[in-house]
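Protein chains in written order, with the numbering used here: chain Z, 50 to 353; chain X, 3 to 540. Below is one structure, written out as structure tokens; the observations come after it.
This is how it looks when you write it as structure tokens:
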């Protein structure tokens, strides 16, 4: 259990999840006892109770804002481009199924994900977005995945880049506007200066494809992003690209929800717990060939 | 190559075209409506409206479209206006296009020859009638290339809607590229689709330009008949294929010289009769200055029914200004002008009339005007130049107006050229059409502002002949500013000599022209020696 004092602190609510999880489990157990044998085939057993507890979203269609340029997580289906597919898509739909809502998608640039959410043009953001304190000023997050980044470089790693460290000094990094890697690379600038080396430069693009093209075109030396995205890029261009290394970075991936809807946040959290408990989360990681080490029990990140 | 063809025919990309077209259409239609309002505000005589439109133009022309898109999509919901993605993109594009379209419209309107506007005003056309019948039809023709440009640019700009989740071609291309990594095949394919769309716009533009081309024979003008100002030609028109080049058409048959060169005795008798006629035009104490430089320095002038008055004087002496003041095409600083007993341009209580009321007054009082530069309506045939204002201003039926126009064109010797456009007529022919147009509504007085000064010498006589006949046969009251001294001597009852904005001398035409009393008049007449009438009695 988490100390009570943490709940009094409105600034940060990491930890509240575990209590909710216990409550949810209790409720689920109770319902399971009452209506044993009646559980739906698709949705986990506890979901029926959640739909009773959080009826506001049942039967609704919610808008999920995504930046569909990350194959494996969210991208259009090359075989049927009218559909979005990926781990995040499946996870979002599993949560929707649990709470009884359907999901439609709104494709925006990465930097516009949270703006779209806070302007009310979308209800939820499940788009491989890292939950940082900065971003938590614009939205509440329910974290669900650890972050492993891959360092994408040209075949042979000509600049001998070994991670987000001073090996990047003097190199050109392609990044997406708004990605968390941008400040991490910026933080290297003074260090490079201290060592008397040139600072790294950052080229900002607005989707993965452009970042990868920047390396293929010789404009950039590296693109550091989610390891799975990097693996996909290497798979598509095996004779031109390679992954130099995988690194952990101190963030979690989160589901963004509006700050002014705490009930919705709690409902999504409870549903995610059910989805994980039913083993769906793990199944999806395997289905999309993602590292099962990504799995993370959910927390809430919320700042005022 | 096969990948390229695969993406080129991919329904996912092709259906993105509809979103592209929808945003473009919303942007253009909205931009056109908003642009019309903006242009009207900028051309308005109320400065507040003009200033507001200026401000709008500065803001929306001066900020990037991509910001406007994001604003319409993400900021407007904060004030409760949550548009769909296409709606927001259309709104932003319309708001962005509007100032450009407004400038196009304004340039088109201002590009119309000022003389045609003056001529329309002189015919008693209200501002809205002028806009609808004269300015808009010509301005639209001129604006089509610019509008084609604007359409192509809006089509390309619609790709910026990809940032606010409109599923248009560019967004679909980038998403597809992200999931398949076939970067170049996809962008070549979508580039080609854009090219097809913009080429389509160019083809439509060329088609519209051709359809609106006035020089094409009417039978081929299929598109034009759908336009609001199109009027079906009447059955009784001469066969097509009229000569287009300047013809050597005969001037109207000269009136018998005996009639014109009336004897001294006739003239005395005539002026005695005229002296008892009622006053048609009464100008008193007319004063007008441009930045303290007087153009009219207190002019008093009375014209009686049937009188023909020649205004003489060097250039800049105020002749044209005086004529324009008489039908209130120009304002003045002091003095009064009365036509047919009415104070032109003012209400009973002395307040200035609105442009619309002034136009109606011009039409009802009846002051016709013929200009130095003819000022025919360039998009209308000779017949329509005469018949159009009769229908629009005076409410004649089409049949009556056409009959009257044909009769008048016949009289000025242009019955055969009724369906010719002004640009296919010689200067002399154009001026004769202009005279027919000015006298068509039976004006109380006809003002002629140097009607032959812009003509080649060999064309002067055909026009003078027409004016001579109006004076002699119709007894029309006329004020004519001219440098044709012999003509003034033959036709005018009275000569008024203006210099520096004042009347230096006036009197019976032959007397002033042959025995000027004022030295300035004498000097002027000497300079014009070549054309000076002989002192010998007729």
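Idealized CB from N, CA, C, for every residue including glycine.
Top-ranked residue by Cα proximity to residue 498 of chain X, from X/137, X/189, X/510 and X/57: X/510
Residue 173 of chain Z CB to nearest chain X CB: under 8 angstroms? no
Can you give me the Cβ contacts of residue 286 of chain Z inside the same chain, cut-off strictly under 8 angstroms, excluding the 5 residues immediately before and after it? 261 and 265
Neighbour-count burial assignment, residue 11 of chain X, 16 or more Cβ in a 10 Å radius: exposed
Roughly how many whole angstroms lie between the Cα atoms of residue 283 of chain Z and residue 174 of chain X? 23 angstroms
Can you list, in chain order, the stretches of the alpha helix (DSSP H) that have 4 or more residues and sit fully within the region 288-352 of chain X? 321-328
Express the C-alpha separation of residue 206 of chain X and residue 214 of chain X in angstroms, rounding to a whole number. 12 angstroms
Only counting the same chain, and skipping five residues up and downstream in sequence, which positions put a Cβ closer than 7 angstroms to that of residue 369 of chain Z? In the structure as shown, chain Z starts at 50 and stops at 353, and residue 369 of chain Z therefore has no counterpart that could be examined.
Between residue 101 of chain Z and residue 197 of chain Z, which are expected to be in contact by the criterion C-beta below 8 angstroms, what is the C-beta distance as a whole number of angstroms? Their Cβ separation, rounded to whole angstroms, is 38 angstroms, which puts residue 101 of chain Z and residue 197 of chain Z out of contact at 8 angstroms.
Cut-off 7 angstroms between Cβ atoms - residues of its own chain near residue 46 of chain X, not counting five sequence neighbours on either side: 52
Under 8 angstroms, do residue 332 of chain X and residue 306 of chain X count as touching if we go by C-beta distance? no
Anyone know if the C-beta pair for residue 156 of chain X and residue 26 of chain X falls short of 8 angstroms? yes
Given a cut-off of 8 angstroms on the beta-carbon distance, is the pair residue 160 of chain X and residue 95 of chain X in contact? yes
Within 9 angstroms of chain Z by C-beta, residues of the region 3-14 of chain X in sequence order: 12, 13 and 14
Counted within 10 angstroms of its Cβ, other Cβ atoms place residue 130 of chain X as buried (16 or more) or exposed: exposed
Would residue 129 of chain Z be called buried (16 or more neighbouring beta carbons within 10 Å of its own) or exposed? exposed
Taking the alpha carbon of residue 258 of chain Z as the reference point, which residue from X/15, X/8, X/75 and X/185 has its own alpha carbon closest? X/185
Under 8 angstroms Cβ to Cβ from residue 348 of chain X, same chain only, skipping five residues before and after it: list those, please. 354 and 355
Can you find the residues in the same chain that come closer than 7 angstroms, C-beta to C-beta, to residue 293 of chain Z, ignoring five residues on each side of it along the sequence? 200, 202, 206, 210 and 211
Chain-ordered chain Z contacts of residue 353 of chain X [CB-CB under 7 angstroms]: In chain order: nothing, as chain Z lies at least about 53 angstroms away.
Runs of 3 residues minimum, wholly inside the region 379-438 of chain X: which ones carry the beta strand (DSSP E) assignment? none
Positions along the region 241-266 of chain Z whose CB lies within less than 9 angstroms of some CB in chain X: 255, 256, 257, 258, 259, 261, 262 and 265
Using the rule of at least 16 other Cβ atoms within 10 Å of the residue's Cβ for burial, across every protein chain shown, is residue 239 of chain Z buried or exposed? exposed
Chain Z contacts from the region 389-417 of chain X (Cβ-Cβ distance under 9 angstroms): none
Indicate the three-state DSSP secondary structure (helix, strand or coil) for residue 127 of chain X in the structure shown. coil
Using a Cβ-Cβ cut-off of 8 angstroms (strictly less than) and excluding sequence neighbours within five positions of residue 302 of chain X, which residues of its own chain qualify? 285, 286, 287, 288 and 505
For residue 79 of chain X, which residues in chain Z fall below 8 angstroms Cβ to Cβ? 168, 169 and 170
Inspect the CB distances between the region 242-257 of chain Z and the region 171-178 of chain Z and report whether three or more fall short of 8 angstroms. no
According to DSSP, is residue 199 of chain Z part of a helix, a strand, or is it coil? strand
Report yes or no: do three or more beta-carbon pairs, one from the region 396-405 of chain X and one from the region 332-343 of chain X, lie closer than 8 angstroms? no
Pairs of beta-carbons, one from the region 319-326 of chain X and one from the region 290-301 of chain X, closer than 8 angstroms: are there three or more? yes
Between the alpha carbons of residue 41 of chain X and residue 71 of chain X, how many angstroms are there, rounded? 23 angstroms
Compute the distance between the beta-carbons of residue 16 of chain X and residue 87 of chain X, then report whether it is under 8 angstroms. no
Rounded separation between residue 83 of chain X and residue 164 of chain Z - CA only: 16 angstroms
Would you kindly work out how many angstroms separate the C-alpha atoms of residue 117 of chain Z and residue 144 of chain Z, rounded to a whole number? 19 angstroms
So which of X/420, X/370 and X/457 has the shortest CA-CA distance to residue 479 of chain X? X/370
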